[in-house]
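J.: Let me give you the structure first, and then I'll get to my questions.
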Amino acid sequence: MQHFPVFLDLQARPVLVLGAGEVAERKADLLRQAGAEIRFAVSFDAALLEGCALAIGADAPESELQALATACRARGIPVNVVDRPALCTALMPAIIDRAPVTIAVSSGGAAPVLARMIRQKIEALLPPGLGRVAALAERFKSAVRARLPDLAARRRFLDATLGGLPADLAIAGREAEADSAFATALDAAETRPRGMVHLVGAGPGAADLLTLRALRLLGEADVIVHDRLGTEAVLEMARRDAERIFVGKARANHCMKQEDINALLIRLAHEGRRVVRLKGGDPLVFGRGGEEAEALAAAGIPCEVVPGVTAALACAAGAGIPLTHRDAARAVTFVTGHRRDGGVDVRGLVQPGQTLAIYMGISTLAPLRDGLVAEGMAPTMPAAVIERGGTPQQRVLRGTLDSIARDAPGWVTGGPALLLVGEAVGRGAQGWLQAA
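If you use the working numbering, the sequence shown corresponds to residues 348 to 783, in order.
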């Protein structure tokens, strides 16, 4: 984050606007809407800053703007000099006004036109009456706190109510009906929330490959229990004040044993918390989601599974490799690269017209190759390893079953990697990516 966003209370406070012209007048008009008392000047005098909460420089000579910026920095007064980011300690954003709701968009001074374009897109999404929803919540603030002293219960109630019927009525301008619906919902609200666990697939790690349901749940979660495959970009989609608990696992290097993760989820749910168990890829494809769901069911904890883009789909799409192809592969098989005891079992996996998507197979590449060849697969079968598939850090190593087994161990850098083997892997995939 290049700049920290903050909203200033300028009611009845002096703001210096240095300069004369259309731009200075526009800035002054905007500041007046926030209640500021404008102090105009065409030339700079340090005495003009006395008592000022903010200073704006526009349509003034360079020497005057430089002097303004220097004096403001020395006094700790926020200063904005139009189109001169280097002189600014405060930026004027593009503003969406739905009082008392205010949304500010800034490009950090790099592209004000882009900030304006973003503002226009947000303006189109937000109803004009959105501020009435905030006013509704304000009217009931004391009642909500009295009825729901528990923070989690209060947050859950407001999540539902401010996105439900009372909010719809407020937006429509039907204030009395909105108040009645809000009061009815508050009377029926649970004072102690029931805990629930959502097993959510994070996909390959790219935030824009999250499902809409996953995105919504991340915004509602009280606590997020995540593994090493959940990237920071995905975690940034979560509610800012949600607790994060890392329980990452790699082969033979467990931050927390599976039994302890199960117990943690149960404990958090018993505390009445809304838990998102964020898992790379899809929770039920080699993600141990089935084990966690069974443990939750045995403990009487309600559980929802939210699918995600599994590694085979993300890696194949990112590398431009078809998992199925009418001329090369009529089936695709997802298989783990090793058993629970660390051994390898490839019996029955060598079939004509099939693509193998092998998860967690890098550490067992040599025995996988030997086993597949023993089952009848040619060592020259096309193969590829995709590391961090579906993310901007994706890397692809193409070759044959034999060359991949030889080269991949020294090629991978420790990120999640998937092995694809089959005739379809050798299809002209790179041409798709170039065309795109």
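Ideal Cβ positions, reconstructed from N, Cα and C, are used throughout, including at glycine. Keep in mind that this is a model prediction, so the values were computed, not measured.
Just to confirm the assignment, what range does the alpha helix (DSSP H) spanning MET464 have?
T.: Its alpha helix (DSSP H) spans residues 459-472.
J.: Jot down the residue ranges of each uninterrupted alpha helix (DSSP H) in the region 553-639, minimum 4 residues, whole runs only, in chain order.
T.: Qualifying alpha helix (DSSP H) stretches, in chain order: 559-567, 579-582 and 605-617.
J.: Measure the alpha-carbon distance for LEU837 versus ARG479 and round it to whole angstroms.
T.: Residue 837 is absent from the model: the chain starts at 348 and stops at 783.
J.: Quick check on the DSSP output: the alpha helix (DSSP H) that includes LEU712 runs from which residue to which?
T.: Segment 712-721, the alpha helix (DSSP H) holding LEU712.
J.: Does DSSP classify GLU397 as helix, strand or coil?
T.: Reduced to three states, the DSSP call for GLU397 is coil.
J.: By the three-class DSSP mapping on this structure, what secondary structure does ALA367 have?
T.: The answer is coil: DSSP assigns ALA367 none of H, G, I, E or B.
J.: What does VAL544 pair with, by DSSP beta-bridge criteria?
T.: In the DSSP output, where bridge partners are listed per residue, VAL544 has VAL622 and CYS650.
J.: According to DSSP, is ARG745 helix, strand or coil?
T.: Strand, per DSSP.
J.: Do you know whose CA, among THR671, ARG503, LEU712 and GLN605, lies nearest GLY619's CA?
T.: Of the listed residues, the one whose Cα sits closest to GLY619 is ARG503.
J.: Among VAL547, ILE648, VAL720 and ALA484, which one has its Cα closest to the Cα of GLU522?
T.: When only C-alpha atoms are compared, the closest one is ALA484.
J.: Check this for me: beta carbons of THR711 and GLY746, under 7 Å apart or not?
T.: Contact flag unset, no.
J.: HIS350 by DSSP, collapsed to three states: which one?
T.: Coil at HIS350, not helix or strand.
J.: Round the Cβ separation of GLY552 and GLY627 to the nearest angstrom and send it over; I've been treating them as touching at under 8 Å.
T.: Indeed, because the Cβ distance is near 7 Å, the residues count as touching under 8 Å.
J.: Could you tell me the alpha carbon to alpha carbon distance between GLY366 and PRO425, rounded to whole angstroms?
T.: So the two alpha carbons sit approximately 17 Å from each other.
J.: Can you name, in chain order, every residue of its own chain whose Cβ lies under 7 Å from the Cβ of ALA782, other than the five neighbours on each side?
T.: Because the pLDDT of ALA782 is 41, which lies under 50, any placement of that residue in the model is unreliable, and the number read from its coordinates should be weighed accordingly. Nothing listed; no residue qualifies.
J.: In angstroms with no decimal places, state the Cα-to-Cα distance between GLU369 and PRO361.
T.: Their backbone Cα atoms lie some 20 Å apart in a straight line.
J.: Considering Cα atoms alone, identify which of ILE403, GLY634 and ALA642 is closest to PRO763.
T.: Answer by Cα proximity: GLY634.
J.: I'd like to know if the region 659-668 and the region 637-644 are in contact, where contact means that at least 3 CB-CB pairs between them fall below 8 Å.
T.: Contact fails: fewer than three Cβ-Cβ distances are below 8 Å.
J.: Considering only the beta carbon of each residue, do ASP749 and PRO726 sit closer than 7 Å?
T.: Yes, the Cβ-Cβ distance between ASP749 and PRO726 is below 7 Å.
J.: At the level of alpha carbons, what is the spacing between VAL448 and LEU473?
T.: Distance between the alpha carbons of VAL448 and LEU473: 11 Å.
J.: How would you write the range of the beta strand (DSSP E) that ASP444 sits in, first residue to last?
T.: Its beta strand (DSSP E) spans residues 441-445.
J.: Can you list, in chain order, the residues of its chain with a C-beta nearer than 6 Å to that of ARG560? Leave out the 5 residues immediately preceding and following it.
T.: Excluding residues within five positions, the ones whose Cβ falls inside 6 Å are VAL653.
J.: Return the CA-CA distance between VAL697 and VAL691, expressed in angstroms with no decimal places.
T.: C-alpha separation (whole angstroms): 14 Å.
J.: Quick check on ARG624: buried or exposed, where buried means 16 or more other Cβ atoms within 10 Å of its Cβ?
T.: Classification of ARG624: buried, given that the 10 Å Cβ count is 16 or more.
J.: At what residue ranges does the region 500-527 contain a whole run of the alpha helix (DSSP H), taking only runs of 4 or more?
T.: Within the region 500-527, the complete alpha helix (DSSP H) runs of at least 4 residues are 512-518.
J.: My assumption, with CB atoms under 8 Å, is that GLU770 sits in contact with ALA659. Please give the rounded CB distance.
T.: GLU770 to ALA659, Cβ: 16 Å. No contact.
J.: State the start and end residues of the unbroken alpha helix (DSSP H) segment that holds GLN358.
T.: Note, GLN358: premise wrong, no alpha helix (DSSP H); not H, not E.
J.: On a CA-only basis, which of ARG575, LEU582 and HIS545 is nearest LEU612? Give me that one, please.
T.: When only C-alpha atoms are compared, the closest one is HIS545.
J.: Sorted by chain position, which residues of the same chain lie with C-beta nearer than 7 Å to LEU631's C-beta, five sequence neighbours on each side aside?
T.: Answer for LEU631: GLY637 and VAL652, listed in chain order.
J.: My assumption, with CB atoms under 8 Å, is that LEU565 sits in contact with MET584. Please give the rounded CB distance.
T.: 5 Å between Cβ atoms; contact.
J.: Would you mind giving the Cβ-Cβ distance between VAL428 and ALA441, rounded to the nearest angstrom? I have them listed as a contact below 8 Å.
T.: Not quite, the Cβ-Cβ distance comes to about 17 Å (not below 8 Å), so this is no contact.
J.: List the DSSP bridge partners of GLN701.
T.: In the DSSP output, where bridge partners are listed per residue, GLN701 has ALA678.
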